[in-house]
Amino acid sequence: MSGLPADILTKYPSLAKFDNTDVESHDGREATLLKYIYSHPSLEQLRGSPAAICALMDEFAAKEDFLINIGKDKGPKVENLIKEEKPTVLVELGGYVGYSAISFGDAMRQAAGPGKEIRLWSLEFDPVIAAIAMSLIDLAGLSDIVKVVVGSAADSLKRLQAEGKLTSIDFLFLDHDEELYLPDFQVCEDLKLLHPGSLIVADNVVRPGAPKYREHMRQHAGVESWGIEGLIVPGEFEDEIEVTRVK
Ligand SMILES: C[S@@+](CC[C@H](N)C(=O)[O-])C[C@H]1O[C@@H](n2cnc3c(N)ncnc32)[C@H](O)[C@@H]1O
Ligand SMILES: [Mg+2]
């Protein structure tokens, strides 16, 4: 039983079964989300509309079942960084059902303007979850920009680099497993994928927390690193994203 305040539970009925210590996912709710979207009365308006698809995922997360997406508070903060940075290549570690890939891919497209070649690589370990993401990315009209790659982030980074498909990362988004943020960042360093000016953004550095990663980045001589506060929604739990610029 959830110990959350009554006003939060009224606003977000999906949190009634959420105990805040064990965030559930990969238990079939993602397939339910896919059916929810494809059976929605507004399906025709969703086609080619990244914002509407993400809004529907937010609605599902609030009303039906919690989803581990970056969500509607922290997500736009990262989108603003993308619009300022105008990355040509963005890599995210941990794609889940495609919420961040869809919203960030849309932000990249808007920032780049017509005709500019841009790529978002979304690396996801779970093949079923990745298939759901691919379907929603296609529905959003972003399949030409966003490529989902199935496998562990470290293996996929090494393979894409060895195949010559990934030579440089302008914007790296870490959102897979907090214990792997540091080793997988170091994989990118070892593969020489980062360059002066590259931005690395890590979600959930406070909740669930990535203290070793944050400490490493704050002491790393080759980067500048700072936090941006944000909320996990639904639930409005306080969190931070760590933003790091390669010098
Ligand atoms: C928090 S979710 C990502 C949410 C997504 N970025 C969003 O905001 O919409 C984390 C995802 O990382 C995946 N994952 C966990 N460990 C991974 C690894 N080593 N390599 C790739 N993906 C991993 C999980 O399967 C899960 O789908
Ligand atoms: Mg996250």
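Under the numbering used here, the first residue of the sequence shown is numbered 428, with each subsequent residue one higher. Where is the CB? At the ideal position from N, CA and C, for every residue including glycine.
| query | Cβ of Ser625 less than 8 angstroms from any chain C Cβ? | reply | Given the protein chain composition of this structure (a single chain), no chain C is represented.
| request: Sort out for me which residues DSSP pairs Thr671 with in a bridge. | output: Within the sequence shown, the letter at position 244 stands for residue 671. The partner list for Thr671 (beta bridge, DSSP) reads Ile627, Ser652.
| said: Could you tell me the alpha carbon to alpha carbon distance between His622 and Ser452, rounded to whole angstroms? | reply: For the purposes of this step, residue 622 is taken as residue 195 along the sequence shown, with counting starting at 1. For the purposes of this step, residue 452 is taken as residue 25 along the sequence shown, with counting starting at 1. If I take the Cα positions, the gap works out to 34 angstroms.
| message | Would Ala589 and Leu607 be called neighbours here (beta carbons separated by less than 8 angstroms)? | response | Stepping through the sequence shown from its first residue, residue 589 is reached at position 162. Stepping through the sequence shown from its first residue, residue 607 is reached at position 180. For Ala589 and Leu607, no; Cβs fall outside 8 angstroms.
| message | My assumption, with CB atoms under 8 angstroms, is that Tyr526 sits in contact with Met484. Please give the rounded CB distance. | response | Counting from 1 along the sequence shown, the entry for residue 526 is found at position 99. Counting from 1 along the sequence shown, the entry for residue 484 is found at position 57. Right, their Cβ atoms sit about 5 angstroms apart.
| query | If we call anything under 8 angstroms between Cβ atoms a contact, is Gly521 one with His467? | reply | For the purposes of this step, residue 521 is taken as the residue at position 94 of the sequence shown. For the purposes of this step, residue 467 is taken as the residue at position 40 of the sequence shown. It is not a contact, given that the beta carbons lie outside the stated cut-off.
| task | Check the DSSP bridge columns for Asp666 and list the partner residues they point to. | result | Counted from its first residue, the sequence shown places residue 666 at position 239. Partner(s): Gly657.
| field | Ile564 versus Lys592 - alpha carbon distance | value | Taking the sequence shown and counting its residues from 1, one reaches residue 564 at position 137. Taking the sequence shown and counting its residues from 1, one reaches residue 592 at position 165. Roughly 20 angstroms separates the two Cα atoms.
| query | Looking at Val632 and Glu669, is the spacing between their C-beta atoms short of 8 angstroms? | reply | Residue 669 sits at position 242 when you count from the first residue of the sequence shown. Residue 632 sits at position 205 when you count from the first residue of the sequence shown. Closer than 8 angstroms, so yes.
| query | Who's in the neighbourhood of ligand 2, going by beta-carbon under 7 angstroms from any heavy atom, listed in chain order? | reply | Ordered along the chain, the selected set is Ile495, Ile497, Asp602, Asp630, Asn631.
| query | Nearest-angstrom Cα distance between Ile572 and Glu519? | reply | The residue given as residue 572 occupies position 145 in the sequence shown. The residue given as residue 519 occupies position 92 in the sequence shown. If you take the alpha carbons of Ile572 and Glu519, they lie about 13 angstroms apart.
| Beta-ladder partner(s) of Ser549, from DSSP | Here residue 549 corresponds to residue number 122 of the sequence shown, with the count starting at 1. Beta-bridge pairing links Ser549 to Glu519, Val575.
| task | Could you have a look at Trp600 and say whether DSSP puts it in helix, strand or coil? | result | Translated into the one-based positions of the sequence shown, residue 600 becomes position 173. It should be noted that the sequence gives Phe, not Trp, for residue 600. In the structure shown, Phe600 sits in a strand (DSSP, three-state: E or B).
| field | Residue range of the alpha helix (DSSP H) that includes Glu511 | value | Your numbering for residue 511 matches position 84 in the sequence shown. Its alpha helix (DSSP H) spans residues 498-512.
| query | What are the boundary residues of the alpha helix (DSSP H) that Ser527 is part of? | reply | On the sequence shown, position 100 is the one that residue 527 refers to. Taken as a continuous stretch (DSSP letters only), the alpha helix (DSSP H) holding Ser527 covers 526-539.
| said: If you follow the alpha helix (DSSP H) that Val616 is in, where does it begin and where does it stop? | reply: Residue 616 sits at position 189 when you count from the first residue of the sequence shown. The question names Val, but residue 616 is Glu in the sequence shown. 608-617 is the extent of the alpha helix (DSSP H) around Glu616.
| field | Inter-residue Cα distance where the pair is Ser583 and Ser530 | value | To locate residue 583, count along the sequence shown from 1; it is residue 156. To locate residue 530, count along the sequence shown from 1; it is residue 103. Cα to Cα, Ser583 sits roughly 22 angstroms from Ser530.
| Less than 8 angstroms separating the beta-carbons of Ala629 and Tyr640? | Here residue 629 refers to the residue found at position 202 of the sequence shown. Here residue 640 refers to the residue found at position 213 of the sequence shown. Result yes, Cβ atoms of Ala629 and Tyr640 sit closer than 8 angstroms.
| task | Indicate whether Arg634 and Ile659 have their beta-carbon atoms separated by less than 8 angstroms. | result | Indexing the sequence shown from 1 puts residue 634 at position 207. Indexing the sequence shown from 1 puts residue 659 at position 232. Yes, they are a contact pair.
| query | Does the pairing of the region 540-549 with the region 490-503 give three or more beta-carbon distances under 8 angstroms? | reply | no
| task | Below 8 angstroms on the Cβ atoms is my guess for Pro514 versus Phe612; work out the distance and round it to an integer in Å. | result | Taking the sequence shown and counting its residues from 1, one reaches residue 514 at position 87. Taking the sequence shown and counting its residues from 1, one reaches residue 612 at position 185. Actually they are not in contact, since the Cβ atoms of Pro514 and Phe612 sit about 17 angstroms apart, beyond 8 angstroms.
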